[in-house]
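Reading through the structure tokens given below for one structure.
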Amino acid sequence: MAQRVRGVIAPGKNEPVRVETIIVPDPGPGEAVVKIQACGVCHTDLHYKQGGINDDFPFLLGHEAAGVVESVGEGVTEVAPGDFVVLNWRAVCGQCRACLRGRPQYCFNTHNAKQKMTLEDGTELSPALGIGAFAEKTLVAAGQCTKVDPAAKPEVAGLLGCGVMAGIGAAINTGGVTRGDSVAVIGCGGVGDAAIMGSRLAGARKIIAVDIDPRKLAKAVELGATHTVNSRETDAVEAIRELTEGNGADVVIEAVGRPETYEQAFYARDLAGTVVLVGVPTPDMKIELPLQEVFGRGGSLKSSWYGDCLPSRDFPMLVDLHLQGRLALDAFVSETISLDDIEAAFEKMHHGEVLRSVVIL
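The sequence shown: position 211 = 211 (full-length UniProt numbering), numbered continuously.
Now the structure itself:
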């Protein structure tokens, strides 16, 4: 029988969010209903609210979530009721050309739940990133549920579902940061700080945090940065070169998503170094670089989508590292709030006052 739960919707472009009654159907074949325990407030949710993703309003917001599987549909074998899970954006198909080549993290045919959650009047909702977890319960494809150790606190584990995984993965999976590398991270919000933490975990010898906000630079040092550069006051490229014996960093991670900062990343890397773009640009942005410089510097220019992660591999591993005391995921939780506080959380995010607000249900 369908269930009525409380959830947060974005009714229209730039309109305040509202707490509404959401109708969650019973899971169909390949689907699961998850009782949400915690969900982080991510910039992507704000982009949905502002109409920056698409105009399929109303949206059911929320996607950085952890909870317990309540029920599953026909044919589901990967999870069962009672499992503690972190939700991911998309279930992999296992049959596309990427999956068949053993690269399921690049699956070209990922999917979400087929059924729609609705408002009481029958209006269909578009769940953010196919999840919609600012709700007491949500419906997802079973493959979007990744079992992890239930000893982890939900407010911490859920952050792996988006920003923290994107940043750690940008460093380790996409950038290939390894022992002895020098790394520069441009943009020290949640994703950039996670890239710093991932670089430290991978054994980087020098981690340079770049931002225009002294508060964010101070937090970056807490999470593992060895040096900081305030790019409002200093030329970031020259500062990174000076800190790397004049060479540039082995890996530069751009976590802003703007042409100016991408250009800084391009010129701040060493010869044969790697640039990783994990910041999300808008459709109108363009970049112009001298092709001779692209050729002459060698190395790699990469984009990191979701940290090139494979949730079934990466989420349990990172939770285990956290429980071992080797990955301080709690450092990302600035405050815990209720469903009714999300509009205020967006405002704090806009002003750079929090790293992550996390909704507790």
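Note that CB positions come from ideal geometry on N, CA and C, so glycine has one too.
Original post:
Taking the beta strand (DSSP E) that Arg-6 falls in, what are its first and last residues?
Top reply: Judged by DSSP secondary structure, Arg-6 falls within the beta strand (DSSP E) whose first and last residues are 3–10.
**OP:** Give a yes or no on whether 8 Å exceeds the smallest Cβ distance from Glu-120 to chain C.
**Re:** No chain C is present in this structure, which holds just one protein chain.
Original post:
CA-CA distance, Arg-200 and Val-251?
Top reply: The straight-line gap from Cα to Cα measures roughly 13 Å.
Original post:
Which whole-angstrom value describes the C-beta separation of Phe-134 and Cys-42, a residue pair presumed to lie in contact below a C-beta threshold of 8 Å?
Top reply: The pair is not a contact, with the Cβ atoms about 11 Å apart (cut-off 8 Å).
Original post:
In three-state terms, what does DSSP make of Ala-255?
Top reply: In the displayed model, Ala-255 falls within coil according to three-state DSSP, outside both helix and strand.
Original post:
For Val-92, which residues of its own chain have a beta-carbon under 7 Å away from its beta-carbon, when the five flanking residues on both sides are left out?
Top reply: Cβ neighbours of Val-92 beyond the five flanking positions: Cys-99, Pro-104, Cys-107, Thr-110 and Gly-143.
**OP:** Check whether the Cβ of Gly-298 lies closer than 7 Å to any heavy atom of the ligand GTP, and answer yes or no.
**Re:** This structure simply doesn't include the ligand GTP, nor any ligand for that matter.
**OP:** Determine which residues share a DSSP beta bridge with Thr-336 and list them.
**Re:** Per DSSP, the beta bridge partners of Thr-336 are Val-358.
Original post:
Around the C-beta of Arg-241, are 16 or more other C-beta atoms found within 10 angstroms, so that it is buried, or is it exposed?
Top reply: Burial state of Arg-241 is buried, judged by a 10 Å Cβ sphere holding 16 or more other Cβ atoms.
Original post:
So what does DSSP say about His-227, is it helix, strand or coil?
Top reply: It is a strand residue.
Original post:
Who are Pro-127's beta bridge partners in DSSP?
Top reply: The partner list for Pro-127 (beta bridge, DSSP) reads Leu-60.
Original post:
Beta-carbon separation of Lys-35 and Glu-70 under 8 Å?
Top reply: Yes. Within cutoff.
Original post:
Excluding five sequence neighbours on each side, which residues of the same chain lie with their C-beta closer than 7 Å to the C-beta of Glu-118?
Top reply: Contrary to the premise, residue 118 reads as Thr rather than Glu in this sequence. Short of 7 Å from the beta carbon of Thr-118, and not among the five residues preceding or following it, lie these beta carbons of its own chain, in chain order: Ile-23, Glu-124 and Leu-125.
Subject >> Three-state secondary structure (DSSP) of Phe-108 >> reply: If DSSP states are grouped into helix, strand and coil, Phe-108 belongs with coil.
Original post:
If you count every other CB in all the chains shown that lies within 10 Å of the CB of Val-294, and 16 or more means buried, which is it?
Top reply: Exposed is the label assigned to Val-294, since fewer than 16 other Cβ atoms lie within 10 Å of its Cβ.
Subject >> Between the CA atoms of Phe-84 and Pro-150 - distance to the nearest angstrom >> reply: In this structure, the CA atom of Pro-150 is about 6 Å from the CA atom of Phe-84.
Subject >> Per-residue burial, Leu-271 [other beta carbons within 10 Å of its own, 16 or more giving buried] >> reply: Around the beta carbon of Leu-271, a 10 Å sphere encloses fewer than 16 other beta carbons of the protein chains shown; the residue is thus reported as exposed.
**OP:** Compute the distance between the beta-carbons of Glu-238 and Ala-141, then report whether it is under 8 Å.
**Re:** Taking a C-beta distance under 8 Å as the contact criterion, Glu-238 and Ala-141 do not qualify as a contact pair.
Original post:
Which residue from Val-164, Ile-53 and Gly-203 puts its Cα closest to that of Phe-315?
Top reply: Nearest option by C-alpha distance: Val-164.
**OP:** Output yes or no for whether 8 Å exceeds the beta carbon distance between Arg-18 and Pro-11.
**Re:** It is a contact, given that the beta carbons lie within the stated cut-off.
Original post:
Which of the three DSSP states, helix, strand or coil, is assigned to Asp-270?
Top reply: The three-state secondary structure of Asp-270, taken from DSSP, is strand.
Original post:
Would Asp-181 pass as a contact of Ala-209 if the rule is Cβ separation under 8 Å?
Top reply: Their beta carbons are not under 8 Å apart, which means Asp-181 does not touch Ala-209 by this criterion.
Subject >> Any 3 or more C-beta pairs closer than 8 Å across the region 215–235 and the region 178–198 >> reply: Under the Cβ criterion (8 Å, minimum of three pairs), the region 215–235 counts as touching the region 178–198.
**OP:** Using 10 angstroms around the beta-carbon of His-350, count the other beta-carbons present and answer buried if the total reaches 16, otherwise exposed.
**Re:** Residue burial annotation: His-350 is exposed, with fewer than 16 other C-beta atoms found within 10 angstroms of its C-beta.
**OP:** Tell me whether Gly-40 sits in a helix, a strand or coil according to DSSP, three-state version.
**Re:** In the three-state DSSP reduction, Gly-40 falls in the strand class (E or B).
Original post:
At which residues does the alpha helix (DSSP H) containing Lys-302 begin and terminate?
Top reply: No alpha helix (DSSP H) holds Lys-302; the beta strand (DSSP E) holding it covers 300–303.
**OP:** Could you check what DSSP says for Gly-176 in three-state terms: helix, strand or coil?
**Re:** Three-state result, Gly-176: coil.
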